[in-house]
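Notes for the one structure printed next.
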Amino acid sequence: MSVNRFGNESEEDTKLRRITPAIQKAGWKADQILMEYSLKADRYRIIPGQNFAQKDNQSARTKPDYILCRSINRPLAVVEAKKATKTAQDGLDQAIAYARMLGVDFAYASAGQDFIEYEVPTAKQRTITLDAFPSPDDLWKRWRELHGIADEDGQKLENALYYTSADGHTPRYYQMQAINRTVDAIIGRHRRRVLLVMATGTGKTYTAFQIVWRLKKAGIVRNVLYLADRNQLVDQTLADDFAPFNTATKIRQGKIDRNYEIYFGLYQQLKGDQTEPVAEHYRQVPPDYFDLIIVDECHRGSASEQSSWRDILDYFQPAIQIGMTATPNEKDGSNNLDYFGEPLITYTLKQGIEDGFLAPYQVVSVHLDKDVQGWEPEEGDVDEEGQPVPMRKYTLADFDRTIELRSRTRKVAEVVSNYLQHLGRMSKTIIFCTTQRHAANMRDAMRACNRDLAAVDHRYVVRMTADDEEGRGLYEDFISINRPYPVVVTTSKLLTTGANTKCVKLIVLDSNIKSMTEFKQIIGRGTRLRPDVDKTFFTILDFRGACALFHDPDFDGPADDETNWDGNGDPPIRPRRPDGDDSSTSPVDTLPDGQDGAPDTGQDGGDDQQPREMIVVDGVEITILGKSVSYLDENGNLVTEKFAEYTRKNILSCFPTEEAFRQAWNGGRAKKIIIEELQQRGILVEHLKKELGNPDLDEFDMIRHIAFGGAMLTRQLRASKVRGAKFLEKYQDTARAVLERLLDAYTINGIREIDDLAALKTYCGNLGGMKKIFQAFGNQENFMSAVREMENILYDAA
C-alpha cells in the first residue's frame, strides 16, 4: 500500500477531515463515540531509599482515538488513527492491544484513506473503504452472532442501561469488562453463578452496583440480597455505591422487611442461632424470593461445603448468585472456584499498580535475633509471677501465644516508631498482632515510645479489636481522610478485610500469617491511592517473615527491590516462611452495628482464643540481625536495589556512555531541561545530594559519578575556576555585576539558576530591568553568549 500524500497534515487533521466523518456517516452518534478516555491512570514508582514515589504520566499514552459504544459504557470497537503521512498498518497492533484491554471484539486502524478491520475472537482481517465502515446495528448483530446471543436476549441487553451520575463518572476499563461480561453472561447465556476476582481497592462494590442497576433495568431481577460477613462492608456499600437505590435497606435483627427490593445483611444475621435450627431467619421468605444474591468477600467461607453459611445459598438456589473476592484461593478452604466456576474477570493487585489505580508498596523486612535463632531460658529463670520458666526452646510460633517477651514487644515498637520518624509521625498505621492481648501490649509499647504525641492526644495510638469497645468506636475516625486521629492502630483480625482504610501508609506485620487469603486481604488495607492527601505508596514492615508469601506462585504479583534500609551494610536476609500456626483459622472480629445499636444474631466473634496460661518474661536482650527493603520494579517484580544502583541504571538508559552525557550537558540545551528530563525517569537531584551526603556537589558531578565514576567537585570549587580564568575581567560595571551574582546564585543553588532567565529578576532586580541588563551586554543574544561561555568554563575538562 502506498503512503498517503497529504503534506504535513497532523493526526488531528486526519481525524477531523477524514476518519470522524466516515464514522459519523456510518450512523455512529456523538453519545456513542467515546474519546479522550484513558485506559490507565498515572502510575507511581517508588524511588529506592528515598521515601518518595515518582509519577509516570502514562495516562496520556493510553488513550484510544475512538471507542465506539452500542450505548453508554457498552463498547463494541476501538479505532486507532494515524496521520495521513503514515498507513493504517502503523496503528493496527495498537488498536488490537486496546481492544483486548477493553474486552471488545473489533479493532480498526486508519490513516484517512481506508480502514483495516481486525476481528479479535477469530483473528480475521480485512481492508474496507471509508464508505464501508459498519454501522452500530451491523456491529451489534455481528457481536451477538459471535457470542451466540438470541434476538430476544439481545433486546434485553439493549435495555440493560448503565446508571449515569450527574458528574458523568465513567467506569475504569476493567470495571466495564466485569460489568458487561457479567450482564452478558446472565442475560445472554443464562448463567446462574458468576465469580468476579478483583483486587482490594479496585471498586468491587461499584461494579456490583452497576450490575444490579443494569439487571433491574432489563427486568431480569427485582429482589436482591447483598451478603457480607462484616458490618463495615454492609454499611459502606449501602451508604456509598448503592446510594442511588431508594428501595434498599439493611436487615436488622434478622427481620426481612418485604417493603424493600434490595437487602443488605450479614451471613450471621440470616443464619440465626445454631441451637435453634427452626428459627433460621432466612426461611421467613420462600426460596424464590430473591432473584439475585451477591456474596461480597466470598473467600470467607460462604461457598465452602463445610460452612454453615452455605445453607443460605443452598436455600436460595433459584436465585442468580454472584461471588466477589480479591482472593479466590482453594488452599484456604473456601472452594469458591468450585462453587461459582471460573471467574469472568481477574484483575490483580499487580495489574492495578501497573495501571496506576493502586498504590505501589515497599517491604521492609526486620530480622530480630530471637525470631531467627529462638530463645532458651537459662536454669533458674523465672517469669513475672516468679514461677520457673519451662525449659525448652521457644520459637517465633510461641511468641505472644504461649510466651510473651516484653523486651521483644518494646523492640518492635521502637523500630516502628523510628520508621515513622522517617515516614512521618502522623502517617496512618496498622499493626497486625497475633492476639487481642498482644495488640494491647503493642499499643502500650507504642505509647511509651511516642509519649510526646500521646500526651497531645491519647488517640495517637489505640487498640481496635473485638473486645475493645472504645477502640472500635474510633473506626470511622481512622478511615477518614479529614480526621487526624487515631494515627496508629493495633489489631489482630478486625481490620484484615473490608476496612476502607484510604490513607494507611504503613502496615506492620507482627503476626504469624500463613494463609495466602489473609495475607492478600491485609496487604489490601494499604492499596488505596490518594494523591490528593499525599498517599502515593505504602510500606509493609514485616517482623515475622510473612512477606515470603510474595514469592509464592499463587500470589499474583510480587513487591519492589530489596535494599539496606538503615545504610549499615547489613546483608539482606531472605524472608523465611512463617512457621507459626495459621492464624486465619481463628474466629473473626466484626465491627458492631453502628446504625441502631441492636446486637446482630452473629455477634462479634473476637480474635484468636487465648491459651489458659501465658508465660510473661522481661529482661531478654533483643537485637536486630538485619534489615532489608524491597521495591516493585517496572515489571512488578520483587527485587533488591540500592538507590545508587537504581539511579545508575536509569542514567545509562538515557546516556549509554560518559561522552554522550558530556555532549548533552555541554550542548545547546539548557541544563534545567536535561535535569527535568532525568527527573521524569526517577533521577532526582535533591535525593542524590542526600544519598551522597554533600548538598554542595554540582549536579553534573553527581550524575557523572553515579553512572561512570570519577571525582566530584563542589560548586564552590567550580565557581573558583571561573574567577581564576579572568573571564569576569572582560566585563565592566553592570554586566560584570550581573555575571558575578549569577555565579553566586550557582554556588548557592546550582546550575539551574544560571539557565533560568527568571533568576535575573531574583538576583539582579536592583540592577535595573531585563532591558537594561541586556543593554549592558549590547543585546540579549550577547548576554546569553556570555552565560554559555561561563558555563563552558565551569565544566571545561570536567
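Take the sequence shown: its letter number 506 is residue 506 in UniProt numbering, and every next letter is one higher. Even for Gly, the Cβ is constructed at its ideal location relative to N, Cα and C.
The beta strand (DSSP E) spanning CYS449 covers which residue range? Where CYS449 is concerned, there is no enclosing beta strand (DSSP E), although the alpha helix (DSSP H) it sits in stretches over 436 to 449.
Three-state secondary structure assigned by DSSP to PHE106: strand
According to DSSP, is VAL295 helix, strand or coil? strand
Out of ASN482, PHE106, SER365, ARG741, point me to the one whose CA is closest to LEU625's CA. SER365
Take the Cβ of LYS216 as the centre, count every other Cβ of all protein chains shown within 10 Å, and call the residue buried at 16 or more, exposed below. buried
What residue range does the alpha helix (DSSP H) around TYR174 cover? 173 to 183
Once DSSP output is grouped into helix, strand and coil, what is the label at GLY168? coil
Beta-carbon separation of LEU225 and PHE290 under 8 Å? yes
How is the alpha helix (DSSP H) around ALA786 delimited, first residue to last? 780 to 794
Give a yes or no on whether the C-beta atoms belonging to VAL416 and MET446 are separated by under 8 Å. yes
Under three-state DSSP, which class holds residue 821? In the structure displayed, the chain extends from 1 to 798; residue 821 sits before or after that span and is not available.
Nearest to ALA664 by alpha carbon, out of GLU645, ASP696, PHE700? PHE700
Between ASP381, PRO377, ARG401, which has its C-alpha nearest LYS393's C-alpha? PRO377
Checking the sheet assignment: what are the DSSP bridge partners for SER365? ASP542, SER628
Is the stretch 168 to 186 touching the stretch 204 to 212, taking contact as three or more C-beta pairs under 8 Å? yes
Check whether the stretch 235 to 244 and the stretch 183 to 195 are in contact - that is, three or more C-beta pairs closer than 8 Å. no
Helix, strand or coil for LEU34? Go by DSSP, reduced to three states. strand
Leaving out five residues on either side along the sequence, give the residues of the same chain with a beta carbon under 8 Å from the beta carbon of LEU157. ILE149, VAL183, ASP184, ILE187, GLY188, ALA218
Since GLY323 is in the beta strand (DSSP E), which residue starts that stretch and which ends it? 320 to 325
Using only the alpha-carbon positions, how far apart do THR657 and ASN650 sit? 12 Å
Below 8 Å between beta carbons: does that hold for LEU130 and ASP114? yes
Burial state of ASP698 (16 or more Cβ within 10 Å): buried
Measuring straight from C-alpha to C-alpha, what distance separates ILE748 and ASP696? 8 Å
Could you have a look at ALA132 and say whether DSSP puts it in helix, strand or coil? helix
Length of the line joining the Cα atoms of ARG214 and TYR162: 6 Å
Can you tell me which residues form a DSSP beta bridge with ASP510? CYS433
Note the first and the last residue of the continuous beta strand (DSSP E) segment covering ALA53. 52 to 56
Between which two residues does the beta strand (DSSP E) holding TYR118 run? 114 to 119
Range of the contiguous alpha helix (DSSP H) that encloses ALA239: 231 to 239
Status (buried if at least 16 other CB within 10 Å, exposed otherwise) for PRO286: exposed
For a quick check, are the C-beta atoms of GLY201 and LEU358 less than 8 Å apart? yes
Applying the criterion that 16 or more other CB atoms from any shown protein chain within 10 Å of the CB defines a buried residue, is ASN450 buried or exposed? buried
Would DSSP call ARG192 helix, strand or coil? coil
Strictly by DSSP, which residues pair up with ALA375? Before going further, note that residue 375 is Trp rather than Ala in the sequence given. Paired residues: TYR394.
First through last residue of the beta strand (DSSP E) which encompasses GLU152: GLU152 -> not in any beta strand (DSSP E); alpha helix (DSSP H) instead, spanning 151 to 159.
Between LEU678 and VAL685, what straight-line distance do the alpha-carbon atoms span, to the nearest angstrom? 9 Å
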